[in-house]
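The numbers in the numbering used here rise by one with no breaks, and the one at position 138 of the sequence shown is 125. Report on the following structure.
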Amino acid sequence: MPARKGKRATAAPRRTAARKAVEAVQPAARQRIRVTVNGHPYEADVEARTLLVYFLRDTLGLTGTHVGCDTTSCGACTVLLNGEAVKSCTLFAVQADEAEILTVEGLAKDGELHPLQKAFWEDHGLQCGFCTPGMLMTAYAFLMENPHPSEEEIRVAISGNLCRCTGYMNIVKAIQHAAQEMAAR
Ligand code: FES
Ligand code: FES
């Protein structure tokens, strides 16, 4: 009958739309990665689109690494990847496969704060503390390369890290203090 023909003609596009809707909510492709974080090996399946910062925070529970902008601007998410400071909101977790990562949780050893952490504490290098993990990791990588920096060099080194409390004076002072402590060891 013509009416049935008409119904059949509209049924096919509806099925196609339904299939597309199902595909849209299906989980994205996952990939197994292996990383060493703060000396501990981890293995996990991650979505290809997962940013490294969310892998660290949500999958590994290492919430010391902060998310301030998600757009590579603030530096709150800075970690060390194979010894180099990187903004972990800028990398996918799959790009860290087989890498060694150091987060702020890995700075203290045997219950003792790292000299940088001590100096930030003693010199009031923080106010709300939101930028502090990123500042510490940037400073850590910087002092590994330049153990005797000038104030100007420190200011350039942390220029990719934003402090919304604008506590830069004491942050710079704390990094100078830590450099002295580390050199004296
Ligand atoms: S959260 Fe990564 S740079 Fe701001
Ligand atoms: S101490 Fe508050 S953002 Fe830096």
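Positions of the beta carbon are idealized from the N, C-alpha and C atoms, including for glycine.
Asked: Measure the C-alpha to C-alpha separation of ALA63 and LYS74 and round it to an integer number of angstroms.; Found: 8 Å
Asked: Rounded to whole angstroms, what is the Cα-Cα separation between LYS(-8) and ALA16?; Found: Any answer about LYS(-8) is weak, because its pLDDT of 46 lies below 50 and its placement is not dependable; what the coordinates show is given next. Rounded to the nearest angstrom, the two C-alpha atoms are 40 Å apart.
Asked: Can you tell me whether LEU113 sits near ligand 2, meaning its C-beta is under 7 Å from at least one heavy atom of the ligand?; Found: yes
Asked: Distance, Cα to Cα, GLU34 vs ALA170?; Found: 42 Å
Asked: Could you pull out every residue in the same chain whose Cβ sits closer than 7 Å to the Cβ of ILE141, ignoring the five residues on either side in sequence?; Found: VAL159, ILE162, GLN163
Asked: Report back the beta-carbon spacing between GLN114 and GLY154 to the nearest angstrom; my notes put them in contact at under 8 Å.; Found: 5 Å
Asked: I believe LEU123 touches LEU103 by the beta-carbon criterion, under 8 Å. Please report the beta-carbon distance rounded to the nearest angstrom.; Found: 5 Å
Asked: May I ask you to report which of helix, strand or coil DSSP gives VAL66?; Found: strand
Asked: Less than 7 Å between the CB of ASP45 and some heavy atom of ligand 1, yes or no?; Found: no
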